[in-house]
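According to the numbering used here, the sequence shown is numbered sequentially starting from 2.
The structure appears below as C-alpha cells.
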Amino acid sequence: MEIVLIRHGQPEWVREGMQIVDPPLTDLGHEQAELMAEALVGEEFDEVLVSPLQRARQTAAPLYRKLGRPETVEPWLEEIRDPGWHGTPREKAQQAYEELYGRTARDRWEGLVGGESIREFTERIHSGAAGFLAERGITRVEHELPIWSPGELGRKIALVAHAGTNSVTIGHLLGLDPTPWEWDRFVIGHASISRVEALPLHDGWTFSLTSLSGAEHLPPGRRSR
C-alpha cells in the first residue's frame, strides 16, 4: 500500500483584516492546486479522498477533474477545529496563538481557548486513521512494535487534507506517540506531497515515510507554508 498525503494550497485566512474560518484558497493556492494535480495525473489511484473543509476540496478539485473521478469526502480528515472567531480582527487569532506557544509543553494539549483541544484532535485523527485502515483490512498487530496485518496492501490511496491531519496520520502509520506540536514535528508546505509506503517484514508489515512535503512540482517562487 502507498498512501499519498497532500496538503491544501494556500488559504485566505484573512480578508480586509478580518479572520475567516473555513477559508477558500487564494489565487496562489488555486495555482498550487493545479500544479499538484498536474504532477499526480499520471499516477493510478484506487481512491482519492478529501477533507470536508473548503480549502482542501478546492485543492482536490483539479485532481478529481484530471483523473475523471467524482469527489469523495472523508469526514475524519477535517483539520483541528478553530474557535468561533470568523469575522473578528486578525489580531485576536495572533494573540491566541502567542498565548498557546507561551505555555508549557504539557499545557499545550489544551489547544486554543474555545476550539478543539489538541488532545481531542489527535485522538480523533488516530481513531479515524485506524478506522480507515480497518475498513481496508489493515489492523495493528498486538505487538510492542508498529506491525500491521496485510489487508489490502496493494492499494494506492490519496488523501487531500491539512498539515495537522496529515502529520498525525503519518505519526499513526509510523507508530509514533502523539505530541501537542505535530504541525512542527512534520513540517508540511502548501500543496506539497508526502508518501508513506507499506514495508514487508518477516511477521507482518510496517510503514515507511518515503517522502515528506515534496514540492518539486512547485516553482520556488510559488511555494508557501
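For every residue, glycine included, the Cβ atom is placed at its ideal position computed from N, Cα and C.
Boundaries of the alpha helix (DSSP H) in which residue i is found, first to last residue
i	result
Thr207	Per DSSP, Thr207 belongs to no alpha helix (DSSP H); it is in the beta strand (DSSP E), 205-215.
Glu48	Not the alpha helix (DSSP H): Glu48 falls in the beta strand (DSSP E), residues 48-51.
Ile171	164-175
Glu80	Counting along the chain, Glu80 falls outside any alpha helix (DSSP H), and DSSP gives it neither H nor E.
When the options are compared against residue i, the one with the closest alpha-carbon
i	options	result
Gly138	Leu202, Arg226, Leu154, Pro12	Leu154
Lys67	Val49, Glu75, Glu143	Val49
Met37	Thr60, Asp28, Glu45	Thr60
Pro151	Arg141, Glu35, Val197	Arg141
Gly88	Ala131, Arg109, Val22, Gly116	Val22
Glu45	Leu6, Ile158, Gln11	Ile158
Gly18	Pro24, Arg8, Arg91, Arg56	Arg91
Asp204	Ile148, Ser168, Ser214	Ile148
Counterpart residues of residue i in DSSP-defined beta bridges
i	result
Lys157	Glu3
Arg196	Val5, Ser212
Arg141	Trp149
Gln20	Val15
Pro90	Met19
Leu101	In DSSP, Leu101 forms no bridge with anything.
Burial state of residue i, where buried means 16 or more other Cβ atoms lie within 10 Å
i	result
Met2	buried
Thr170	buried
Leu200	exposed
Thr105	exposed
Leu160	buried
Thr123	buried
Gly222	exposed
Pro181	buried
Ser128	exposed
Leu146	exposed
Val114	exposed
Ala135	exposed
State whether the region 28-36 contacts the region 118-135, with contact taken as three or more CB pairs (one from each stretch) at a distance under 8 Å. no
Does the region 210-226 come close enough to the region 174-193 to have 3 or more Cβ pairs within less than 8 Å? yes
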